[in-house]
Each structure stands twice: as structure tokens, then as C-alpha cells.
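Sequential numbering from 1 applies to the sequence shown in this note's numbering. Don't be surprised by glycine CBs; every beta carbon is placed ideally from N, CA and C. In this text the structure is predicted, and so the values were computed from the model without any measurement.
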Amino acid sequence: MSLHPFVHTILEWYPRHKRDLPWRNTKDPYIIWLSEIILQQTRVAQGLPYFLKFVENYPNVESLANAPSEDVMRLWQGLGYYSRARNLHECAKMVFNQYGGVFPDNYKDLLKLKGIGSYTAAAIASFAFEEAVAVVDGNVFRVLSRYFGVATDIASPAGKKEFEKLANELIPHDFAGTFNQAIMEFGALQCVPKSPDCTICPLREGCFAHNKKIVAELPLKIKKLKIKERYFKYTYITCGDYIVVKKRGEGDIWQGLFDFPMTEVSEKSKLIDLLPDFVESLKKIETLNVENSSYTYKHILTHQRIFANFVKFVIDPSEIDRLAEWTRLFEFQIVERERFEDLGKPRLILKYLNDEK
Ligand code: SF4
């Protein structure tokens with residue numbers, strides 16, 4: 001089978017430029033797995049001493065599986081993401097107890113192990129067993145996106161799939177492990193995220209991004225919107241057939257819709273016990289009942305998460321005039337329940353009213 005020029009160039013580049021890292025010169029799945037878990041979300045320079053310590057203390061899966069968990073955690077200390085250390089230990093025990101101390105030799109079975117996702121399974125299967133399954137990490141996304149001009153968002157599931165498909169089409173069956181290592185190393189050393197030196201790149205002639213001068217624009221990663229959390233304390237004031245409402249103003253969510261008098265607080269913990277300031281003067285009006293609910297509604301918008309708690313005031317119907325006066329003071333409105341049905345309301349309010357019935 002003839003190799004794609006891209007694959008050919010990457011395979012030629014690799015032996016001349018690769019870094020000499022201790023996990024590169026082995027086919028031992030235990031060592032490869034250990035290095036992959038340690039290097040997740042960690043730079044090589046930071047992860048290398050940890051890798052060496054682990055290999056020294058636990059040279060094989062049996063020794064790691066039988067180690068006390070406090071020792072494993074202590075050795076991991078400083079590397080962060082401690083769930084990885086727990087999964088590492090669990091996985092070693094699984095391999096030792098359920099697989100007789102031998103790592104599965106294929107992608108599908110490797111995926112069944114604790115803490116092993118598609119990336120790590122592909123790395124072990126291809127590096128140790130030469131299975132032709134592509135490893136797709138940030139470096140691979142970048143190289144493929146720039147060279148082939150793929151402008152799909154790498155943070156989206158569809159983007160991930162597209163890149164995986166492309167990488168799996170390219171992978172040479174005879175050199176699967178080497179190709180995976182080579183493309184990752186190429187991304188780490190040559191096609192770096194910021195200002196790669198394209199003038200010395202062996203791929204530059206066929207490189208879409210270089211030729212179109214859009215290297216800085218690829219790969220495309222659409223940042224997720226920051227979700228803001230807000231805490232609303234609502235007062236639901238009823239008086240016979242009437243309720244007190246508030247039309248929402250400009251410059252905020254739900255503009256022009258009707259909700260209830262409310263106050264916004266800075267912390268979720270303040271929601272339950274707090275009573276808005278305007279309630280103070282409401283106390284002068286004869287109130288039949290006050291129900292401060294301990295239930296907090298959660299309402300999700302595109303870029304906001306609203307937590308809302310309601311306190312209900314039941315005002316004596318004979319007090320309708322005084323209540324009307326009070327609502328004018330605070331620029332609230334008093335409307336008949338029936339009429340409120342016809343007014344536009346946020347779904348959160350509808351939900352509350354529904355539960356209220
Ligand atoms: S030419 Fe530049 S952008 Fe293209 S693969 Fe090489 S380093 Fe990356």
C-alpha cells in the first residue's frame with residue numbers, strides 16, 4: 001500500500017528529531033500505560049521525574065497492584081488530578097486480579113480498564129501491539145487541521161469524530177505505533193501552537209494553512225460560553241383574586257416579561273432565609289400567611305444558571321387598597337390572576353405557579 005505523502009514525510013522526520021524519552025524505547029504495555037497516565041494534563045518535563053519514581057518503586061503491574069494506596073498517593077503527590085492516581089492503582093489491581101497480570105492486547109479490551117479512555121487505549125494498543133488505531137490528542141488535531149485545512153471546531157463532538165476518521169484513514173498498518181508517536185511529536189516540536197517555523201517544515205509545500213497563510217487561525221476551537229450563576233429571591237404576593245407582578249426592564253434577561261417582585265443576592269446560601277427589603281413595609285398590611293419555601297428552583301439559560309427561591313405572602317382581601325398603594329410605591333403592579341395568565345412570563349415563573357396549584 002502506498003503511503004500518503006503526509007504520512008511518508010512524518011515517518012521520515014520522526015527518527016531524526018524525536019526526543020529520547022524513556023517510554024519510547026519499549027513495547028511493554030505497563031510502561032506505556034504508566035507514562036500515558038502520568039503525562040495526561042502534564043508537561044513532559046514535569047511528568048518525567050514522576051514516571052521514573054514510579055518505575056523504580058513499581059517496576060511491574062504486580063508490584064503496583066499490591067502497593068498500599070497511601071504509598072501510591074504519596075508518590076503521586078504534587079502531580080495534581082488525584083483521581084488519576086486512584087484510577088491508576090485501581091487499574092493495576094484490575095489487570096493483576098482479573099487479567100492475570102497481563103494487559104489486554106487490543107484497543108477494545110483496553111477500554112474496559114479503569115481510567116483508560118479512547119486516547120490511552122489507542123496509545124497502548126498501537127505503541128505496544130501495533131494495532132492500527134489512531135491516537136488523537138491536541139498535537140494531532142493541530143497538525144491535521146493545518147495540513148489538511150480542516151476548520152471544524154475541535155472542541156465539538158462532531159469535530160473530534162471528523163479528526164479521528166481522518167487520522168484512522170491515514171494510519172499506516174505496518175507502522176501504526178511509530179506513526180502515532182511521530183505525528184504527536186511533530187505537533188509537539190515542529191507544528192507548535194504559536195508561530196511554528198514553517199520555513200523549515202518538511203510539510204510546508206502541501207500544507208493548506210501555510211499556503212493560505214492561515215496558520216494562526218487553525219485549529220478552530222470555539223470557547224465555551226462562561227456560565228454565570230445568579231440567585232433570585234422572589235416574593236409571590238396574593239390578595240384574593242389579585243397578585244403583585246413586576247415588568248422586567250431593559251438590559252437584563254426576560255426583558256418585557258412579567259415576573260414577581262424580587263431581589264438578587266450574591267450567594268446561594270443567602271437565598272432561603274433572606275427577605276427582600278421591600279417586604280419590611282409590607283408587614284404593615286394585614287397578612288394572613290407567609291410561607292418561606294426551602295425549595296430552590298434551578299433554571300438554565302444559554303449563558304446563565306438561575307437559582308430561585310420563593311416566599312409567598314397571602315394578604316387579607318380587605319387590604320386590597322393598601323396593597324395597591326404599596327405596589328405603586330415600589331413600581332410593582334397589581335393584576336388579576338386571570339389577566340396574569342395572558343401576560344408573557346419566564347418559564348421559571350410558570351413552573352413555580354404550576355407547582356403552587
Ligand atoms: S507548514 Fe507550518 S503549519 Fe504547516 S504543518 Fe508545517 S509547521 Fe505546521
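CA-to-CA, the gap between TYR297 and PRO219 works out to about 39 Å.
Rounded to the nearest whole angstrom, the CA to CA distance from SER318 to GLU286 is 9 Å. Segment contact: the stretch 6 to 21 against the stretch 189 to 208, three or more CB-CB distances shorter than 8 Å; contact assigned. Between TYR99 and PHE6, the gap from beta carbon to beta carbon reaches 8 Å or more. Boundaries of the alpha helix (DSSP H) around LEU110: 107 to 110. ARG230 has ILE306 as its beta-bridge partners, per DSSP. With fewer than 16 other beta carbons inside 10 angstroms of its own, GLN46 counts as exposed. With a cut-off of 7 Å, the C-beta of PRO196 is classified as near ligand 1, since at least one heavy atom of the ligand falls inside that distance. Within 10 angstroms of the beta-carbon of LEU329 lie fewer than 16 other beta-carbons, which makes it exposed. Straight through space, the alpha carbons of PHE175 and TYR82 are spaced by roughly 34 Å.
Bridge partners of VAL311 according to DSSP: THR235 and ASN292. Using a cutoff of 7 Å, the CB of ARG74 does not count as near ligand 1, since none of the ligand's heavy atoms is closer than that. Excluding residues up to 5 positions away in sequence, LYS53, PHE54 and ASN57 lie with their Cβ nearer than 7 Å to the Cβ of LEU75 in the same chain. Within its own chain, the residues whose Cβ lies closer than 6 Å to the Cβ of MET73, once the five positions on either side in sequence are excluded, are ALA85, listed in chain order.
If you check the CB distance, LYS233 and THR263 come in under 8 Å.
Using a Cβ distance threshold of 8 Å, GLU291 and VAL311 count as a contacting pair.
By the CB criterion at 8 Å, TYR50 and LEU79 fall inside the cutoff.
DSSP, read as helix, strand or coil, puts GLN41 in coil. In the three-state reduction of the DSSP assignment, ASP71 falls in the helix class, which pools H, G and I. Take the alpha-carbon of SER35 and the one of GLU217: they are about 31 Å apart. Straight-line spacing of the CA atoms in ALA151 and VAL136 works out to 16 Å. At a threshold of 7 Å, CYS91 does not count as near ligand 1, since its beta carbon sits no closer than that to any of the ligand's heavy atoms. The shortest CA-to-CA distance from VAL102 to any of LYS247, ALA167 and PRO29 is the one to PRO29.
Under DSSP, no beta-bridge partner is assigned to LYS284.
LEU350 counts as exposed, since fewer than 16 other C-beta atoms from the protein chains shown sit within 10 angstroms of its C-beta. Here the C-alpha atom of ARG337 lies approximately 13 Å from the C-alpha atom of LYS345. In this structure, LEU323 places its C-beta atom within 8 Å of the C-beta atom of CYS239. With a 10 Å radius around the Cβ and a threshold of 16 neighbouring Cβ atoms, GLY256 comes out exposed.
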